[in-house]
Amino acid sequence: MTDKLSFWKNKPVKIRPQSPVTTIKSGEELVKMVSDEITNSKIQLDYQLINMCDTELQPIIEFINKNYMNNNSDHMLSYNTDMIKFFLGDPKNSLVLAFYPRTSNNSNKKIVGVVCGSKHKLCIRGKDSDSFECMDINFLCVAKQLRKIHVSSYIINIITRECVERFGVICAGYTTGVTLKIPHFSKKWYYHRLINIDKTIQTQLFSEEFDSEVIRKVYNTFNYQTVFKRQHALEYHGRANGTAPNCFIQKLASITQALQNYCHTNYDVYFEKTLTEIQKIFDNPNFHVFLVMRDNQITDFVSLFNIDTMCLDNGETCRNGYLYYYYFSNDSLDHKQNVLEMIAEYCYQHNIFDLLTVCDPFGVSSHEYKTIKFLRGTGSLNYYMYNMKMHKILNENNGLVTI
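Per our numbering: the sequence shown ends with 1529, consecutive numbering throughout.
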């Protein structure tokens, strides 16, 4: 059986510090390479393109929730139909593949693998000349009993061929908490801001040593500059409290433009977001949006999505708010702290989240994160770009966000 390195040794994944960002293989070359490997693979599975209706997606989501984790994980993330549909976006530009054992009994198929992909415009420093159609590959998971025989390699070859043949897209972005035997162009660590101390202890996300008056005072007391609080107000939009998005429809265009400007200025790499995609953030019940206002104008935009995190040991669940897209009017750490502290206070007072999680978006030291009350967790993400020459990208310049 081939090992992980033998699969990746001929794959078009390269880090070139001084080279321009370019694709490596043509679509024809890519299809030939993966098709030959699929034909010669010792693993042979049937697979099916899943329709985006709730009935077909439900068994996919159940499989993801059971298997989208490491073998030794103590916690399970709980995705739902609205969240998966949000990632997929326009059905014309996305796909879900389910994999089954090759068998003649089609009436009792058992899913053994899943992968999803969604097409986006990948921007490199925001220049039109440096933009590519790119697939965002996500939710690649395999039944636990099959993980040692490298089924994921087979799945990667299949979805590569499907993306080229269906969409004409020849490059793809992957994020994984596992370190592959190929170079990643960026690595980010997760940082957490405690809100509901009891719930984070009950779900064993943090140890009982956090159950102290000192810790509660630190995380359940909210400190931000008096002048900031006097000059700014927080506007919350979330389906959880019945807020309708119609009240700010007219602001969507300005939010979209401000986000694009922020990404263009601050990031070396990011997926462009359209007005329609920003609208879907407000419409999706899993998302909570915070607008910082000054003189009735939006100065800062922060969106968070909820993924319930369940402790497998006792079944307790924590509402985890993950940072999604955002922009700040002032890029100083003090300003970001003021905005995040205001949001944390609102979530605490209105019982929205038990925990806030960010994937190292600011590129500061662990000590500086601790200063703004975010603690470094044990999880991390490695970023890979398939069929593209990339250069190393600093954390704070990596604007790619995964769900």
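The C-beta atom is built at its ideal place from N, Cα and C for all residues, glycine as well.
Quiz item: So, helix, strand or coil for K1504, using DSSP?
Solution: Position 378 of the sequence shown, counting from 1, holds the residue named residue 1504. According to the sequence as given, residue 1504 is Thr; it is not Lys. Residue state, collapsed to three classes: strand.
Practice problem: Give me the Cβ distance between K1270 and N1193, rounded to the nearest whole Å; I'm assuming they're in contact under 8 Å. | Solution: The count along the sequence shown starts at 1 and reaches residue 1270 at position 144. The count along the sequence shown starts at 1 and reaches residue 1193 at position 67. Indeed, because the Cβ distance is near 6 Å, the residues count as touching under 8 Å.
Self-check item: CA nearest to the CA of I1169, picked from S1199, F1189, M1195 and F1225
Solution: Residue numbering aside, residue 1169 sits at position 43 when the sequence shown is read from its first letter. Closest option to I1169, Cα to Cα, is F1225.
Practice problem: Could you check which residue in L1214, S1152, T1391 and S1161 has the C-alpha nearest to that of K1406? | Solution: As a first step, residue 1406 must be located in the sequence shown, where it is residue number 280. Out of L1214, S1152, T1391 and S1161, L1214 has the C-alpha closest to the C-alpha of K1406.
Quiz item: Less than 8 Å separating the beta-carbons of L1459 and E1403?
Solution: Stepping through the sequence shown from its first residue, residue 1459 is reached at position 333. Stepping through the sequence shown from its first residue, residue 1403 is reached at position 277. No, they are not a contact pair.
Practice problem: For Q1463, count neighbouring Cβ atoms within 10 angstroms of its own Cβ and tell me buried if that reaches 16, exposed if not. | Solution: Against the sequence shown, residue 1463 aligns to sequence position 337. So Q1463 ends up on the buried side.
Quiz item: From which residue to which residue does the alpha helix (DSSP H) around V1465 run?
Solution: Translated into the one-based positions of the sequence shown, residue 1465 becomes position 339. Residues L1459 to Q1475.
Exercise. Excluding the 5 residues preceding and the 5 following H1461 in the sequence, name in chain order all residues of the same chain whose CB lies nearer than 7 Å to its CB.
Key: For this step, residue 1461 is matched to residue 335 along the sequence shown. So the qualifying residues of the chain are F1454.
Practice problem: Inspect the beta-carbon positions of M1261 and K1245 and report whether they are closer than 8 Å. | Solution: Against the sequence shown, residue 1261 aligns to sequence position 135. Against the sequence shown, residue 1245 aligns to sequence position 119. Contact: yes.
Quiz item: Going by other Cβ atoms of all chains shown within 10 Å of its Cβ, with 16 needed for buried, is H1476 buried or exposed?
Solution: Here the question's residue 1476 lines up with position 350 in the sequence shown. By the 10 Å Cβ count, H1476 comes out exposed.
Exercise. Would you kindly work out how many angstroms separate the C-alpha atoms of P1309 and Y1280, rounded to a whole number?
Key: For this step, residue 1309 is matched to residue 183 along the sequence shown. For this step, residue 1280 is matched to residue 154 along the sequence shown. Taking the CA atoms as reference points, P1309 sits about 20 Å from Y1280.
Quiz item: What span of residues does the beta strand (DSSP E) with E1361 cover, start to end?
Solution: As a first step, residue 1361 must be located in the sequence shown, where it is residue number 235. Start and end: A1359 to G1364.
Quiz item: Quick one: Cα of C1242 to Cα of S1278, how far?
Solution: Taking the first residue of the sequence shown as position 1, residue 1242 is located at position 116. Taking the first residue of the sequence shown as position 1, residue 1278 is located at position 152. So the alpha carbons of these two residues sit roughly 13 Å apart.
Exercise. Alpha carbon to alpha carbon, how far is Q1357 from A1379? Give it in angstroms, no decimals.
Key: Start at 1 with the first residue of the sequence shown, and residue 1379 comes out as number 253. Start at 1 with the first residue of the sequence shown, and residue 1357 comes out as number 231. Their Cα atoms are separated by approximately 24 Å.
Quiz prompt | Rounded straight-line distance, which links the Cα of E1339 to that of E1522 | solution = For the purposes of this step, residue 1522 is identified with residue 396 of the sequence shown, where counting begins at 1. For the purposes of this step, residue 1339 is identified with residue 213 of the sequence shown, where counting begins at 1. Rounded to whole angstroms, E1522 to E1339 spans 34 Å at the Cα level.
Quiz item: Between the C-alpha atoms of L1481 and G1447, what's the straight-line distance to the nearest angstrom?
Solution: Taking the first residue of the sequence shown as position 1, residue 1481 is located at position 355. Taking the first residue of the sequence shown as position 1, residue 1447 is located at position 321. For L1481 and G1447, the distance between alpha carbons rounds to 6 Å.
Self-check item: Distance between D1208 and T1382 (C-alpha atoms, nearest Å)
Solution: On the sequence shown, residue 1382 is found 256 positions in, with the first residue counted as 1. On the sequence shown, residue 1208 is found 82 positions in, with the first residue counted as 1. Looking at the two C-alpha atoms, the distance is approximately 22 Å.
Quiz prompt | Contact set for L1360: own chain, Cβ-Cβ below 8 Å, skip 5 residues either direction | solution = Indexing the sequence shown from 1 puts residue 1360 at position 234. Closer than 8 Å at the Cβ level, and outside the excluded window around L1360, lie F1416, L1417, V1418, M1419, M1468, I1469 and Y1472.
Quiz item: Cα separation between T1148 and T1483?
Solution: Here residue 1148 refers to the residue found at position 22 of the sequence shown. Here residue 1483 refers to the residue found at position 357 of the sequence shown. Their backbone Cα atoms lie some 33 Å apart in a straight line.
Exercise. Verify whether the separation of the beta carbon atoms of S1312 and N1524 is less than 8 Å.
Key: For the purposes of this step, residue 1312 is identified with residue 186 of the sequence shown, where counting begins at 1. For the purposes of this step, residue 1524 is identified with residue 398 of the sequence shown, where counting begins at 1. For S1312 and N1524, yes; Cβs fall inside 8 Å.
Quiz item: Going along the chain, which residues of its own chain have a beta-carbon closer than 7 Å to the beta-carbon of I1519, five neighbours each way excluded?
Solution: Stepping through the sequence shown from its first residue, residue 1519 is reached at position 393. So the qualifying residues of the chain are F1311, S1312, D1394 and V1395.
Practice problem: On a CA-only basis, which of L1221, L1306, L1526 and P1138 is nearest G1153? Give me that one, please. | Solution: Taking the sequence shown and counting its residues from 1, the one referred to as residue 1153 is at position 27. That would be P1138, whose Cα lies nearest to the Cα of G1153.
Quiz item: Going by beta carbon distance, what residues of the same chain come within less than 8 Å of P1143, once the five residues before and after it are set aside?
Solution: On the sequence shown, position 17 is the one that residue 1143 refers to. So the list reads H1517 and K1518, once near-sequence residues are dropped.
Exercise. Would you grab the beta carbon distance between V1290 and F1265 for me? Rounded to a whole angstrom, and I think it's under 8 Å.
Key: Numbered from 1 along the sequence shown, position 164 holds the residue referred to as residue 1290. Numbered from 1 along the sequence shown, position 139 holds the residue referred to as residue 1265. Actually they do not touch by this definition, with Cβ atoms about 20 Å apart.
Quiz prompt | With 16 other Cβ atoms within 10 Å as the buried cut-off, status of V1222 | solution = If you number the sequence shown from 1, residue 1222 lands on position 96. Buried.
Quiz item: Closest by CA to G1294, which one among E1259, G1441 and I1323?
Solution: Here residue 1294 refers to the residue found at position 168 of the sequence shown. The shortest Cα separation from G1294 among E1259, G1441 and I1323 belongs to E1259.
Practice problem: May I have the straight-line CA-CA distance separating F1212 from P1411, to the nearest angstrom? | Solution: Here residue 1212 refers to the residue found at position 86 of the sequence shown. Here residue 1411 refers to the residue found at position 285 of the sequence shown. Cα to Cα, F1212 sits roughly 10 Å from P1411.
Quiz item: Should N1283 go down as buried or exposed, given a rule of 16 or more other Cβ atoms within 10 Å for buried?
Solution: Stepping through the sequence shown from its first residue, residue 1283 is reached at position 157. Buried: at least 16 other Cβ atoms inside 10 Å.
Quiz item: Looking only at its own chain, which residues have a Cβ that is under 7 Å from the Cβ of L1501, when we skip the five neighbours before and after it?
Solution: The residue labelled residue 1501 in the question sits at position 375 within the sequence shown. Y1317 and H1318.
Quiz item: What number of angstroms, rounded off, separates the C-alpha of K1235 from the C-alpha of P1227?
Solution: Mapped onto the sequence shown, residue 1235 falls at position 109. Mapped onto the sequence shown, residue 1227 falls at position 101. For K1235 and P1227, the distance between alpha carbons rounds to 8 Å.
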